[in-house]
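Just so you know, the sequences run in chain order A and B.
In terms of my numbering, the first sequence is residues 3 to 720.
In terms of my numbering, the second sequence is residues 13 to 87.
Glycine included, C-beta positions come from ideal geometry on N, C-alpha and C.
Computed from a predicted model, the values in this text were never measured in an experiment.
Only one structure is covered here, and it is reproduced in the block below.
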Amino acid sequence: MSIKEVQETPKVCPIIANHIKVALVGQPNVGKSMLINSVSNAHLHVGNFSGVTVDKTEVLFDYKDYHFTVVDLPGTYAFTDFTIEERVTHKYLCNEDYDLIINVVDSTNLEKNLQLTSELLTMNKKIVIALNMSDEAQKEGIFIDAEYMSELLGVPCVKVSAAAKTGIEELIDTVTEVYAKPKVEPKLIFSEAVEEEIEKIVDFLKRHHYQANNSYRNVAINLLQNKEKTYKKISKQAIWTELQPLVLEALHHIELHHNTDDLKEAFAEEYAAFNRGIIAEVVHYTKEIDEKKTLTEKIDNILIHPLYGIPIFLFLMWGLFQLTFVLGAMPMDIIDGFFSWFGGIVGSTISNDEVRSLVVDGLISGVGAVILFTPNIIILFIGIALLETTGYMSRVAFLLDGFFHKFGLHGQSFIPLVTGFGCSIPAYMSARILKNDRDRLLTLFIISFMSCGARLPVYVLFAGAFFSEAVAGNVLFAIYITGAAMGLIAAKVLKMTAFKGVDEPFVMEMPKYRLPTLKLLFHTVWGETKMYLKKAGTFIAGATVLIWFLSNYPHNLEMEKNYASKIESSLSHQEKSILHNELKKKQLEESYLGRIGKLSEPVVEPLGLDWKMAVALEAGVAAKEVIVSTLGVLYSLGDSVDATNHSLKEAISKNIPFASAVAFIIIVMVYLPCFAASIVFTREAGGIKYFFYLLLFTSVTAYVLAFIGYRVALLLGH
Amino acid sequence: MNNLLDCHKGCKVKVKKINAEYNLKQRLISFGIMKGAALEVLEHAPRKKTIEIKVGKMRIALRGEEAELIEVEEL
């Protein structure tokens, strides 16, 4: 149905007669993003926990004679302004210009969803209600009379299923119809007490011929709900002096009626009562509501069991890392073999020594080293995507809140933290689900302790170099767990020093378990993998060439001549090869890169690192993938050129002492996240000063821990 | 006076009053936890650090300290 789709472009459609701008609003996790994907064939990120969409996203598409702009707003339970998502949505709905609202609701949980709907009905906007997940509701024996519901609310309700792609066309047709017709006042009815007060105010407005854009009823409701915009307008007018006491009295009556001093609470109760009425009229249960436990409850009985819950979680995580290593290692030999073969073939066609070295040693070996780890990355991303889409993520937050709370974190910190294992950038963004600024900052600071996917190649490389294949998976798991543990301790330290204060409450929805469709999994994983490969092809290829250049130039011609004659005059083959390696080593040391490394050598020497490792770490600030490709370039040049043991893994196990490797890995685990992530961090934390805090914090921590790690490894006799 | 934390697993109760401060109260209300709402206690995390309750059809996780602020009466 879509002819073209453009994602997240700031481009604005030309304002013409049949251009419809739609705001997509709903509670969290009702499938708004998925609905947009079904409507426009876009590929927005979809997950099964609240807060996947943290910023508004615009999707443009054409349907029949209309240009559509759909704005996907972050999910919000109610019009409160506590979380960033709620603020984004509320601000947009009140202040921006759009033609109508599509309110997406979960058909299987209508009563709760209608709570937000009632608030939307007071907004004086054209609304269409999309009864999403209607296929799931049908399976559960829930029948919703959409026609009757449309009649009762005065707002068209359309049954759709974003997952099964049913009702989508009808929804859009309804939107175009509503767009073409004049606005109809929705039928939101309050309790008698409130209706009386509304009537009094309406009467007053009528008598004084108040000029309003909205209906008098709408103005009255807005006044009673303390809507600032309405107050601002009306309080400037002469009638306000007379109206004010009337409103005050009305508010007093409502508070009395609801026995509360909190207007929000009073109106929430009003809405709830109205919604119960609607539900009683339009929802029928075709199956007996069985007292039997639902599947979700049965699964929950096991997965969040007080005793087995946490061991099961740890086992699943351990399994994921095992899979990442064992399964991911299988195609590695093939990829490795392919790049050696490819390098050989390409190399043989280039006669110029320098160009050949650039292409084979620089470009192919550097990019190859990054591509080598694609299978591991894919497996890790599948694991995280499953965690996100099934609904297990929230269970883990539930299980871990008690534990996390001890470290000054919030159970929901788990979500950004685990996302951090994939990539720090979305992790920094998903930290927005924490509404308390202090909690969010604290979480932001320790996200980089969760080793991102780009650091995985470094770990896989070193684990493979120093441990047998049988235990390498466990080593990998241990690295990740240690990183996470260090993060928790860091959180505790920060909480006791920089982030003292009151804790954020932990109130979180536990979504229903859902099996993600293969298509959804594919899109999520493919999107992430594509990004990784794209980076390998562009940014990393460029960085690799730069490093190759820095490590090859300047040439010391005199020294080369010297060695050339020495090699010529030497007799045995072995002597020749030794001299050859010596030359390579000296060349490297005198190169630009060698000089840079030498400069930082005094700093890293106490950690047992040589200048090559220092350079790799410095290059890693650009992107963590560059660490491996830098090592690839540095060691493929300096190593013996024997064709049989050309692989980087062996070069590392031969050239790097174990204790130094420990220090190196610790630094990779802790130090500054990559450039792109640092930018996102700075944006999310809300200021450049936080970047410098992060730089200081991670650098000092990395240095101290690496020093300890190095000394301990030495003591243990490595 | 009973609060939600005292309720054992499987207990079905009605909310009488919420003693939380403004922000937390709004949060609870937006989840449907308000005066008169029927709740069911589904699960306790180890040492009642967090509890899982059911409001209507929605399952919600709460911290023990917050559950303590919700006054309930048995249904």
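What are the boundary residues of the beta strand (DSSP E) that residue i is part of?
i, result
"leucine 62 of chain A", "59-65"
"alanine 50 of chain B", "50-56"
"methionine 334 of chain A", "Here methionine 334 of chain A belongs to no beta strand (DSSP E); instead the alpha helix (DSSP H) covers 334-351."
"isoleucine 690 of chain A", "Here isoleucine 690 of chain A belongs to no beta strand (DSSP E); instead the alpha helix (DSSP H) covers 690-717."
"methionine 70 of chain B", "70-75"
"valine 67 of chain B", "62-67"
"phenylalanine 206 of chain A", "Note, phenylalanine 206 of chain A: premise wrong, no beta strand (DSSP E); alpha helix (DSSP H) at 194-209."
"isoleucine 22 of chain A", "21-28"
"isoleucine 30 of chain B", "24-30"
"aspartate 74 of chain A", "68-74"
"glutamate 171 of chain A", "It is not in any beta strand (DSSP E) - glutamate 171 of chain A instead sits in the alpha helix (DSSP H) that spans 170-182."
"glutamate 86 of chain B", "82-86"
"lysine 37 of chain B", "Counting along the chain, lysine 37 of chain B falls outside any beta strand (DSSP E), though it belongs to the alpha helix (DSSP H) covering 34-42."
"lysine 656 of chain A", "Premise fails: lysine 656 of chain A lies in the alpha helix (DSSP H), 650-657, not in any beta strand (DSSP E)."
What's the C-alpha gap between residue i and residue j?
i, j, result
"lysine 24 of chain B", "histidine 56 of chain B", "14 Å"
"serine 136 of chain A", "valine 32 of chain A", "11 Å"
"threonine 376 of chain A", "methionine 671 of chain A", "20 Å"
"isoleucine 223 of chain A", "tyrosine 233 of chain A", "11 Å"
"glycine 719 of chain A", "lysine 651 of chain A", "22 Å"
"glycine 22 of chain B", "alanine 493 of chain A", "35 Å"
"leucine 696 of chain A", "isoleucine 417 of chain A", "20 Å"
"leucine 611 of chain A", "serine 662 of chain A", "6 Å"
"alanine 616 of chain A", "valine 357 of chain A", "27 Å"
"valine 706 of chain A", "serine 450 of chain A", "17 Å"
"tryptophan 613 of chain A", "valine 420 of chain A", "33 Å"
"threonine 445 of chain A", "serine 353 of chain A", "54 Å"
"glutamate 149 of chain A", "lysine 58 of chain A", "31 Å"
"threonine 499 of chain A", "threonine 700 of chain A", "16 Å"
"glutamate 201 of chain A", "lysine 29 of chain B", "30 Å"
"alanine 125 of chain B", "threonine 168 of chain A", "Residue 125 of chain B is absent from the structure shown; chain B starts at 13 and stops at 87."
"isoleucine 667 of chain A", "valine 460 of chain A", "8 Å"
"arginine 219 of chain A", "leucine 40 of chain B", "29 Å"
"threonine 392 of chain A", "lysine 514 of chain A", "8 Å"
"alanine 164 of chain A", "isoleucine 103 of chain A", "17 Å"
"isoleucine 86 of chain A", "isoleucine 681 of chain A", "19 Å"
"arginine 59 of chain B", "valine 398 of chain A", "16 Å"
"valine 527 of chain A", "methionine 533 of chain A", "10 Å"
"tyrosine 79 of chain A", "valine 107 of chain A", "11 Å"
Determine the extent of the alpha helix (DSSP H) in which residue i is found, giving its start and end residues.
i, result
"lysine 34 of chain A", "34-42"
"alanine 545 of chain A", "543-554"
"alanine 240 of chain A", "Careful: alanine 240 of chain A lies outside any alpha helix (DSSP H) and carries neither H nor E."
"threonine 232 of chain A", "230-236"
"lysine 266 of chain A", "265-284"
"histidine 92 of chain A", "86-97"
"isoleucine 668 of chain A", "660-672"
"lysine 797 of chain A", "An answer regarding residue 797 of chain A cannot be provided, because it is not within the stretch 3 to 720 covered by chain A."
List, in order along the chain, the chain A residues whose C-beta lies closer than 8 Å to that of residue i?
i, result
"isoleucine 41 of chain B", "Ala80, Lys266, Glu267 and Ala270"
"glutamate 85 of chain B", "Simply none; closest approach about 16 Å."
How close, in whole Å, do the beta carbons of residue i and residue j come, if the pair is a contact with beta carbons under 8 Å?
i, j, result
"valine 635 of chain A", "threonine 546 of chain A", "6 Å"
"asparagine 277 of chain A", "leucine 116 of chain A", "4 Å"
"leucine 443 of chain A", "alanine 704 of chain A", "Not quite, the Cβ-Cβ distance comes to about 20 Å (not below 8 Å), so this is no contact."
"tyrosine 565 of chain A", "serine 593 of chain A", "With a Cβ gap of about 15 Å, tyrosine 565 of chain A and serine 593 of chain A do not count as contacting."
"cysteine 159 of chain A", "leucine 133 of chain A", "6 Å"
"phenylalanine 383 of chain A", "glycine 455 of chain A", "7 Å"
"leucine 21 of chain A", "histidine 69 of chain A", "Reading off the sequence, residue 21 of chain A comes out as histidine, not leucine. Indeed they touch by this definition, with Cβ atoms about 4 Å apart."
"leucine 590 of chain A", "serine 553 of chain A", "6 Å"
Starting from the beta carbon of residue i, find every residue of chain D whose beta carbon is closer than 8 Å, and list them in chain order.
i, result
"proline 308 of chain A", "In summary, chain D is missing from the structure at hand, where the protein chains are A and B."
List, in order along the chain, the chain B residues whose C-beta lies closer than 8 Å to that of residue i?
i, result
"asparagine 111 of chain A", "Gly68, Lys69 and Met70"
"glutamine 117 of chain A", "Ser42 and Gly44"
"phenylalanine 315 of chain A", "Near phenylalanine 315 of chain A there are no residues of chain B at all, since even the closest Cβ is about 12 Å away, more than 8 Å."
Residue i touches chain B at which residues, Cβ-Cβ below 7 Å?
i, result
"valine 509 of chain A", "Arg39, Leu40, Phe43, Ile72, Leu74 and Glu78"
"alanine 195 of chain A", "What alanine 195 of chain A touches in chain B: nothing, since even the nearest Cβ is about 15 Å away."
"phenylalanine 400 of chain A", "Ala57, Thr62, Glu64 and Ala73"
"methionine 512 of chain A", "Glu64, Arg71, Ile72 and Ala73"
Under 9 Å between beta-carbons, which chain A residues line up against residue i? List them in chain order, please.
i, result
"leucine 36 of chain B", "Pro507 and Val509"
List the residues of chain B that residue i touches, going by C-beta distances under 9 Å, in chain order.
i, result
"aspartate 302 of chain A", "Leu54, Glu55, Glu64 and Arg71"
I want to verify the contact list: residues of chain A whose CB lies under 7 Å from the CB of residue i, in sequence order.
i, result
"lysine 47 of chain B", "Glu271"
Report the start-end ranges of each alpha helix (DSSP H) in the segment 431-510 of chain A that is 4 residues or longer and not cut off at the edges.
Listed in chain order, the alpha helix (DSSP H) elements of length 4 or more contained wholly in the segment 431-510 of chain A are 439-449, 458-468 and 471-499.
Contained beta strand (DSSP E) runs [length at least 3] in the segment 106-147 of chain A, N- to C-terminal order
128-134 and 144-146
Which ranges does the alpha helix (DSSP H) cover as unbroken runs of at least 4 residues, wholly within the segment 532-616 of chain A, from first to last along the chain?
As far as the segment 532-616 of chain A is concerned, its whole alpha helix (DSSP H) runs of at least 4 residues are 543-554, 559-571, 575-592 and 594-606.
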